[in-house]
Amino acid sequence: MSHKDRYLAALASANKAIADADALLTYEDDGEQIHVIDTDKMSSRFIEYYSGLVSAGYANGFI
Numbered sequence: 214m215s216h217k218d219r220y221l222a223a224l225a226s227a228n229k230a231i232a233d234a235d236a237l238l239t240y241e242d243d244g245e246q247i248h249v250i251d252t253d254k255m256s257s258r259f260i261e262y263y264s265g266l267v268s269a270g271y272a273n274g275f276i
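Here the sequence shown stands for residues 214 to 276, numbered as in my numbering.
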């Protein structure tokens, strides 16, 4: 399994955890949708992990 495949699997797992917890909030700002994680439903540790995961994905060109 490549580094990219492992990364995408980790991201999919994290996204599933967010969906399973019904923790995705959507707001609209000037007609643009903004998605955030509900901090009442997900721990601050998870949010830090997820933020780092997404940042790494952009930095590596995976997302």
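No residue lacks a Cβ here, since even glycine has one placed at the ideal position from N, Cα and C.
Contact between the segment 235 to 248 and the segment 214 to 227 is not established, with fewer than three Cβ pairs separated by less than 8 Å.
Asp233 and Thr239 have their C-alpha atoms spaced approximately 16 Å apart. For the pair Asp251 and Leu266, the CB atoms are not nearer than the 9 Å cut-off.
In this structure, DSSP gives Ile276 a state outside helix and strand, which the three-state scheme calls coil.
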